[in-house]
Amino acid sequence: EDELQSRLGRRFDLHDASEAARAVQDLRAQVPDPVLVVHTRYWTIVLATPERPAVLEPVASAADAGNAAAGGRYAFGDDVTGEGIRSIAAGPRQAASVPFARDVERILGDLSRCVPGFDIDAAQPTTIGLGDTFIGGLIGSLAQHGARPARQEA
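What follows is the structure in structure tokens.
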């Protein structure tokens, strides 16, 4: 979220769906890649392009896996395990992020998904490495669930 606000040269309310959607649209104008992923502690927004709509659902699902991985790091620090990440993924979402996600998708349209963050109560939260862990979870999920090349007949 800090990087996004720095790149745009302005701050915005991460809980305001209209402001967040505008920020992501402004970033999209700067980064016209087939898929754009913006991750914050409250939500993750995924945008696809009309030329590549099929990437939307797999990347949104992978982003949710990234959220769970980052949530596991936040809750368990260096002691995070696969079981810990699965427990986060099975847990509740942040209450305010659920209607926010619906509003963002309504504003941004059919080529968007907004994944609400997990509601995590950690006694001693770890805040270092969350972005890296998010990306690791996202890429790991894409690799694990990605399309397999067709087998060639001999």
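Numbered according to UniProt numbering, the sequence shown spans residues 1 to 154. Every residue, glycine too, gets a C-beta built ideally from N, C-alpha and C. Everything numeric in this text was worked out from a predicted model, so none of it was measured.
Next on the checklist: Tell me which residues share the same chain as A70 and place their Cβ nearer than 8 Å to its Cβ, disregarding the 5 neighbours each side in the sequence.
Outcome noted: The residue given as residue 70 occupies position 70 in the sequence shown. Contacts found: H39, L130, G131, T133, F134 and G137.
Next on the checklist: If I follow the unbroken alpha helix (DSSP H) through A90, where does it start and stop?
Outcome noted: Position 90 of the sequence shown holds residue 90. A90: not part of any alpha helix (DSSP H); DSSP gives it neither H nor E.
Item to check | Sufficient close CB pairs (3 or more, under 8 Å) joining the stretch 74-81 to the stretch 46-59 | outcome: no
Checklist entry - Taking the continuous alpha helix (DSSP H) assigned at V37, which residues delimit it? => result Sequence index remark: in the sequence shown, residue 37 carries index 37 (1-based). Segment V35 to H39 is the beta strand (DSSP E) holding V37; no alpha helix (DSSP H) there.
Next on the checklist: Less than 7 Å between the C-beta atoms of V46 and A20, yes or no?
Outcome noted: Within the sequence shown, the letter at position 46 stands for residue 46. Within the sequence shown, the letter at position 20 stands for residue 20. 7 Å or more divides the Cβ of V46 from the Cβ of A20.
Checklist entry - DSSP puts R113 in a beta bridge; with which residues? => result Here residue 113 corresponds to residue number 113 of the sequence shown, with the count starting at 1. The partner list for R113 (beta bridge, DSSP) reads V46.
Item to check | Strand pairing of F118, partner residues [DSSP] | outcome: In the sequence shown, counting from the first residue as 1, residue 118 sits at position 118. Bridge partners of F118: R93.
Next on the checklist: Can you list, in chain order, the residues of its chain with a C-beta nearer than 6 Å to that of V59? Leave out the 5 residues immediately preceding and following it.
Outcome noted: Numbered from its first residue, the sequence shown carries residue 59 at position 59. Only V35 and V46 meet the Cβ criterion.
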